[in-house]
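Going by this note's numbering, 379 is the number at position 340 of the sequence shown; the sequence numbering is gapless. In what follows, a structure is listed as structure tokens, so that the remarks can point back to it.
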Amino acid sequence: DCNTTVTAALTEQLSCSDNDTLTVTGSISYNNQNAVLLQKLDGVTITNSGTIQTTTDGNSSAIKAQSSLNLTVTNSGTILAAEDYGIKLIEAEKVTITNEAGGTIKATPASSGSLIAIGGTKMGNCGTCLNESTSSTGIGLTLYNYGTIDAGGRTVYGGSASGHTSKKTKIYNYNGGMIDATSSSAVKFQYAEDFELYNYSGATIQTGTGNFAIDLKGASTITIDNAGTIKPGAAYGIYCDVCSNLTLTNSGDIEATSDTLFLRDMTGTNTITNSGTIKNTSSGRAIQFNGSTGVTFENTGTVESVTQVAVDFVDNVRPTLKNWGTIKTTVNKSKVVDFPQTDSTGTGGTVENYGTIIASTGST
Numbered sequence: 040d041c042n043t044t045v046t047a048a049l050t051e052q053l054s055c056s057d058n059d060t061l062t063v064t065g066s067i068s069y070n071n072q073n074a075v076l077l078q079k080l081d082g083v084t085i086t087n088s089g090t091i092q093t094t095t096d097g098n099s100s101a102i103k104a105q106s107s108l109n110l111t112v113t114n115s116g117t118i119l120a121a122e123d124y125g126i127k128l129i130e131a132e133k134v135t136i137t138n139e140a141g142g143t144i145k146a147t148p149a150s151s152g153s154l155i156a157i158g159g160t161k162m163g164n165c166g167t168c169l170n171e172s173t174s175s176t177g178i179g180l181t182l183y184n185y186g187t188i189d190a191g192g193r194t195v196y197g198g199s200a201s202g203h204t205s206k207k208t209k210i211y212n213y214n215g216g217m218i219d220a221t222s223s224s225a226v227k228f229q230y231a232e233d234f235e236l237y238n239y240s241g242a243t244i245q246t247g248t249g250n251f252a253i254d255l256k257g258a259s260t261i262t263i264d265n266a267g268t269i270k271p272g273a274a275y276g277i278y279c280d281v282c283s284n285l286t287l288t289n290s291g292d293i294e295a296t297s298d299t300l301f302l303r304d305m306t307g308t309n310t311i312t313n314s315g316t317i318k319n320t321s322s323g324r325a326i327q328f329n330g331s332t333g334v335t336f337e338n339t340g341t342v343e344s345v346t347q348v349a350v351d352f353v354d355n356v357r358p359t360l361k362n363w364g365t366i367k368t369t370v371n372k373s374k375v376v377d378f379p380q381t382d383s384t385g386t387g388g389t390v391e392n393y394g395t396i397i398a399s400t401g402s403t
């Protein structure tokens, strides 16, 4: 039973029932998997200002909420898995997680094999739903983060293949909030549908050594609004290969070693607006729109490449660039904006420039 308040130090598993309310001010430290178990349950509420953890290497899921419905978690303490899944949400629906300032949700970031602080495949898209139903609500994870969310990789996770689609996801990372992956993929929602991410001023999404601060390969109907910092340790600040219907607004800083915005083969209507800074630091492009259609890019900020082309419209179909800011490359005689279409793969393009487009030689 987890319809209780934990004030002491427990070392046993708590197994919940529908509509339980669990409050933890002490600790639950379980030497096995699933310290708090609420698989296939409805209406569970967890408030933690203490510690909920699995304690031995190889033991995952501090909280296992697979196929749950209407779960609410509010954390100002520590939720820690000794390996994967701080909070396991495979096929969970209508989940709300608030990680408050000073709160930590982790999947042992010091372990290179540890994955997923929060998430799971097919959130909001269950095939094995509550009460053995196959009827999904179509609503997945809503995450409010003011604290630290950390893992070795795939820190906030919603899938990595076409069969993993999570639906109707909303992530709000507020001032002081940190979503971090020691290796790669701080946020990974490949093939997601109806995905929203808001990274506010003073908030950070980052990786330590690897690629992909945000990986949305194959996703559709995407809104990203960044006023904070998005910075992988290597390539791809935002990776949106074969996405559709992207709305990206940046007033903050997005930086990567290579291909900072990798927006290849997009379809539908794709609008990118920058009033902040987008830059690469060692190779590739600052922005790559390789093979995409329906692209409009409006810039009043700064786009900078230290290696080659700053904005590359390789084989696009009728892209539009409107610039009131600065687009530049610091490489002598490099192209700054490139439209290398061929008759078979790309056509046309419109540039309206009211600002500065310049290479390091001073040529425009």
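Virtual Cβ for every residue (Gly too), placed ideally from N, Cα, C.
Residue range 217-220 is occupied by the beta strand (DSSP E) that includes methionine 217. In the structure shown, asparagine 184 falls within a strand segment according to DSSP collapsed to helix, strand and coil.
Distance between glycine 198 and glycine 159, taken at the CA atoms: about 7 Å.
Only buried fits serine 205, as 16 or more other CB atoms lie within 10 angstroms of its CB. The C-beta of alanine 200 has fewer than 16 other C-beta atoms within 10 Å across all chains shown, which makes the residue exposed. In the DSSP assignment, threonine 316 is bridged to Asp292, Thr341.
Taking a contact as a CB-CB distance under 8 Å, the pair valine 345 and arginine 324 does not count as one, their CB atoms being some 11 Å apart. By the Cβ-count criterion, aspartate 40 is exposed, with fewer than 16 other Cβ atoms from all chains shown falling within 10 Å of its own Cβ.
Apart from the 5 residues on each side of it in sequence, tyrosine 239 sits with its Cβ closer than 8 Å to the Cβ of Tyr211, Asn212, Tyr213, Asn214, Gly216, Ala266, Gly267 in its chain, given in chain order. If you draw a straight line from the Cα of threonine 187 to the Cα of valine 334, it comes to about 34 Å. Given a length threshold of 3 residues, each whole run of the beta strand (DSSP E) inside the region 220-283 is given here in chain order: 226-228, 232-238, 243-246, 259-265, 268-270. DSSP, reduced to helix, strand and coil, places glycine 158 within a strand of the structure shown. Here threonine 60 is actually not in contact with asparagine 87; their C-beta atoms are around 12 Å apart, not less than 8 Å. Spatial neighbours of leucine 169 in its own chain (CB-CB distance under 8 Å, excluding positions within 5 residues in sequence) are listed in chain order as Lys79, Leu80, Asp81, Ser106, Ser107, Leu108, Glu132. Residue burial is scored here from C-beta neighbours: lysine 372 has fewer than 16 other C-beta atoms within 10 angstroms and is therefore classed as exposed. Among the bridge pairs identified by DSSP, isoleucine 129 is matched with none.
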